[in-house]
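A short worksheet on the structure shown next.
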Amino acid sequence: MAVTTTLTWNEERSFQKLLGNVSLRLLYKSSVHGRSTVEMQNRCRCQGPIVTVIYHSNSIFGVFTLGHSSDMSESFTEPNASFFFSLQKNETMEMKTVVLNSTVTFYRNNLTFCFSSYYNQKLSLNFEESRIYIPRIFEEELIVKSHAKSTFLECEVFRVEGIKDEAGYINRITRATQHRNSLLADVRAYSPYADLVSEIRILLLGPVGSGKSSFFNSVKSIFQGHLTRQAIVGSDVTSITEQYRIYSIKDGKNGQSLPFMLCDSMGLDEKEGVGLCVDDIPHILKGCMPDRYEFSPQKPITPKHPTFITSPSLKDRIHCVAYVFDINSMDNLSSKMVAKLKQIQKEVINCGVAQVALLTKVNNCNEVLQDNFLKMNKAMISQSQIQNVNKILGIPLSRILVVDNYASEREMDPVKDILILSALKQMFRATDDFLEDLPLE
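Take the sequence shown: its position 243, counting from 1, is numbered 243 in UniProt numbering, and each next residue is one higher.
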């Protein structure tokens, strides 16, 4: 009788996608093959990259290692790049990851991962007693709780198939995670130029279905540590956003508000009287439009509206406009849409507000950046969509940003996070240029 994994289909898909759309072949299952490190070693010998999955309370904990020539036939005495992750068994199926170097040892039916970079803290499994010890650093980073008598329910080992460049893959994942964490720290530490405002406001403008609301959801997801869907997302044809929303973003569930706000607007339509009214744009830019204002495509807000902000201050104004486009539709913009965009841009320029362009829905986010994650690939820069944005709006190439928003995913992706956080940093720089250029008064 075939031995099957305890993972559900969704859980297995989450792991496969996290590891790069690979396939998993079950080699060892403790409840079937025996809770023995010897049996585990015998079944996992010379299998190449492997992932060890531990079922613990309400979470699933995994360790991906490349292995050595002998793989699990003996202890790994040299540090080996390891990718640790946990999946919370709740409605959101929250995924957490951390990349570390570890040494693996087997001793008296104990499997132990030792982390030299964390003062030799250890994660260990005792197969005789079905006990697991998780160091405190992992409890915090992977949201896995344990105590002295914690037990694991099951342990499985899979061979990971489909990784073309094994060494390069784990190195890229390691570098991506480290760079993502560095960008996260930079964004958290951001302070608007000369403290002129405590929070900058970034207005998201673009055609219906371009990904404005999804961008906000993606940014919030990064700082919440799990995927969120606060802003309702529409289709490529119909705008679901009917209110002007000014979203603040907290650093963690109960954390402080970050020093920026994302302002979501109704989608633009090439037809007159449909979508965001162009006459609303000056009032939005000047800070006269309140949060939750109900848009009317055929009737712009006026000073007579009961919630109209008559004397907005600098903090109420828009400090940066991000024109949001679906990269796959950029080459097919109609002449009417281009004309409307140029009309809007004229208002933005008259207000002196900073401008960037945001291209969403890129097909493969792994091909956008160079291996060091610092610069965009030359092949990406030369693509017609980016050149068209530069031609239509005159926005410099350095301020044309490419991202892949979170849509149907169940887990976070460090490369997606890098693109989104890098885009935010460029928006901050553009905003600081705007603030620095303001008249002294």
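Virtual Cβ for every residue (Gly too), placed ideally from N, Cα, C.
(message) Going residue by residue through the region 228 to 305, where are the continuous beta strand (DSSP E) segments of at least 3 residues, counting only ones entirely within it?
(response) Runs of the beta strand (DSSP E) inside the region 228 to 305: 243 to 250, 257 to 264.
(request) Assign S182 to buried or exposed, taking buried as 16 or more other Cβ atoms, counted over all protein chains shown, within 10 Å of its Cβ. (result) Along the sequence shown, one-based indexing puts residue 182 at 182. Burial is judged here by how many other beta carbons sit within 10 angstroms of a residue's own beta carbon; S182 has fewer than 16 and is exposed.
(request) Measure the Cβ-Cβ separation of I318 and V356 and say whether it is below 8 angstroms. (result) Residue 318 sits at position 318 when you count from the first residue of the sequence shown. Residue 356 sits at position 356 when you count from the first residue of the sequence shown. Not a contact, by the Cβ cut-off of 8 angstroms.
(request) Return yes when the Cβ of I392 is within less than 8 angstroms of the Cβ of L424, no when it is not. (result) Sequence index remark: in the sequence shown, residue 424 carries index 424 (1-based). Sequence index remark: in the sequence shown, residue 392 carries index 392 (1-based). Contact: no.
(request) Could you pull the start and end residues of the alpha helix (DSSP H) that C44 belongs to? (result) Position 44 of the sequence shown, counted from the start, is the residue given in the question as residue 44. Taken as a continuous stretch (DSSP letters only), the alpha helix (DSSP H) holding C44 covers 37 to 44.
(request) Would you be able to state if there are at least three C-beta pairs under 8 angstroms between the region 308 to 322 and the region 191 to 201? (result) Touching, per the Cβ criterion.
(message) Out of V321, P282, S335, which one is the CA nearest neighbour of T431?
(response) Sequence index remark: in the sequence shown, residue 431 carries index 431 (1-based). Measuring from the Cα of T431, the nearest candidate turns out to be V321.
(request) Put T360 into one of helix, strand or coil per three-state DSSP. (result) Start at 1 with the first residue of the sequence shown, and residue 360 comes out as number 360. Three-state result, T360: strand.
(request) Would you tell me roughly how many angstroms separate the C-alpha atoms of S70 and C46, rounded to the nearest one? (result) Against the sequence shown, residue 70 aligns to sequence position 70. Against the sequence shown, residue 46 aligns to sequence position 46. Only weak support exists for where S70 lies, its pLDDT of 42 falling under 50; the coordinates are left without a value.
(request) Reducing DSSP to helix, strand and coil, say where S86 ends up. (result) The residue given as residue 86 occupies position 86 in the sequence shown. DSSP, read as helix, strand or coil, puts S86 in strand.
(request) Could you tell me which residues DSSP puts in a beta bridge with R201? (result) Position 201 of the sequence shown, counted from the start, is the residue given in the question as residue 201. Its beta-bridge partners are M261.
(message) Let's test the definition: count the other Cβ atoms within 10 Å of the Cβ of G209 and tell me whether it reaches 16, buried, or not, exposed.
(response) For this step, residue 209 is matched to residue 209 along the sequence shown. It is buried - the Cβ of G209 has at least 16 other Cβ atoms within 10 Å.
(message) I need the straight-line Cα distance from L7 to R13, nearest angstrom please.
(response) Along the sequence shown, one-based indexing puts residue 7 at 7. Along the sequence shown, one-based indexing puts residue 13 at 13. For L7 and R13, the distance between alpha carbons rounds to 9 angstroms.
(message) Judging by CA-CA distance, which residue of F15, K416, G211, Y247 is the nearest neighbour of R292?
(response) By 1-based counting over the sequence shown, the position of residue 292 is 292. Looking at the Cα atoms, Y247 is the closest of the given residues.
(request) Counting only the same chain and skipping the five closest in sequence on each side, list residues whose C-beta sits under 6 angstroms from that of L125. (result) Locating residue 125 in the sequence shown gives position 125, counting from the first residue. L111, I132, listed in sequence order.
(request) Apply the 10 Å Cβ neighbour rule to E129 and answer buried if 16 or more other Cβ atoms are within range, or exposed otherwise. (result) Locating residue 129 in the sequence shown gives position 129, counting from the first residue. Per the 10 Å Cβ criterion, exposed.
(request) Classify S124 as helix, strand or coil using the three-state DSSP reduction. (result) The residue you call residue 124 lines up with position 124 of the sequence shown. If DSSP states are grouped into helix, strand and coil, S124 belongs with the strands.
(request) Measure the C-alpha to C-alpha separation of S73 and L66 and round it to an integer number of angstroms. (result) For this step, residue 73 is matched to residue 73 along the sequence shown. For this step, residue 66 is matched to residue 66 along the sequence shown. Confidence is the limiting factor: at S73 the pLDDT is only 45, short of 50, which leaves the residue's position unreliable, though a coordinate-based value still follows. Roughly 14 angstroms between the two C-alpha positions.
(request) Could you tell me the distance, in whole angstroms, from the CA atom of L421 to the CA atom of T103? (result) As a working mapping, residue 421 is identified with position 421 in the sequence shown. As a working mapping, residue 103 is identified with position 103 in the sequence shown. The C-alpha of T103 is placed about 32 angstroms away from the C-alpha of L421.
(message) Classify T310: buried if its beta carbon has 16 or more other beta carbons within 10 angstroms, exposed otherwise.
(response) Reading the sequence shown from its first residue, position 310 is the one you call residue 310. So T310 counts as exposed.
(request) Determine the direct distance from the alpha carbon of S398 to that of L369, and round the result to whole angstroms. (result) In the sequence shown, residue 369 corresponds to position 369, counting from 1. In the sequence shown, residue 398 corresponds to position 398, counting from 1. When rounded, the distance between both Cα atoms is 13 angstroms.
(message) Which residues does DSSP list as the beta-bridge partners of R25?
(response) Looking up residue 25 in the sequence shown gives position 25. R25 pairs with R159.
(request) Give the secondary structure of D326 by DSSP, where H, G and I count as helix, E and B as strand, and everything else as coil. (result) Residue 326 sits at position 326 when you count from the first residue of the sequence shown. D326 falls in the strand class under three-state DSSP.
(request) Note down, in chain order, each residue of its chain lying with its Cβ closer than 6 angstroms to the Cβ of S57, except the 5 sequence neighbours on either side. (result) Against the sequence shown, residue 57 aligns to sequence position 57. So the list is empty, once near-sequence residues are dropped.
(message) DSSP three-state label for M427, please.
(response) Along the sequence shown, read from residue 1 onward, the residue named residue 427 stands at position 427. Here M427 sits in helix by DSSP.
(request) Kindly list the residues whose CB is nearer than 8 angstroms to the CB of L440, restricted to its own chain and excluding five residues on each side of it in sequence; keep chain order. (result) Numbered from its first residue, the sequence shown carries residue 440 at position 440. Cβ neighbours of L440 within its own chain (closer than 8 angstroms, five residues either side excluded): none.
(message) Check this for me: beta carbons of M266 and G275, under 8 angstroms apart or not?
(response) For the purposes of this step, residue 266 is identified with residue 266 of the sequence shown, where counting begins at 1. For the purposes of this step, residue 275 is identified with residue 275 of the sequence shown, where counting begins at 1. If you check the CB distance, M266 and G275 come in under 8 angstroms.
(request) Have a look at the DSSP bridge pairing and note the partners of H56. (result) Position 56 of the sequence shown, counting from 1, holds the residue named residue 56. Per the DSSP secondary-structure output, H56 pairs in a beta bridge with S59.
(request) Please name the residue, chosen from R35, T151, D264, N377, that lies closest to F127 on a Cα-to-Cα basis. (result) Here residue 127 is taken as the residue at index 127 of the sequence shown, counted from 1. When only C-alpha atoms are compared, the closest one is R35.
(message) Taking the alpha helix (DSSP H) that I381 belongs to, which residues open and close that run?
(response) To locate residue 381, count along the sequence shown from 1; it is residue 381. Start and end: 378 to 381.
(request) Using alpha carbons as the reference points, say which of V415, D437, A339 lies closest to T177. (result) Sequence index remark: in the sequence shown, residue 177 carries index 177 (1-based). Among V415, D437, A339, the Cα nearest to that of T177 is on V415.
(request) Count the other CB atoms, across all protein chains shown, that sit within 10 Å of the CB of V3; report buried if there are 16 or more and exposed otherwise. (result) If you number the sequence shown from 1, residue 3 lands on position 3. Flag for V3 reads exposed.
(request) Find out if the Cβ-Cβ distance for the pair G48, R172 is shorter than 8 angstroms. (result) Counted from its first residue, the sequence shown places residue 48 at position 48. Counted from its first residue, the sequence shown places residue 172 at position 172. Judged by their CB atoms, G48 and R172 are not nearer to each other than the 8 angstroms cut-off.
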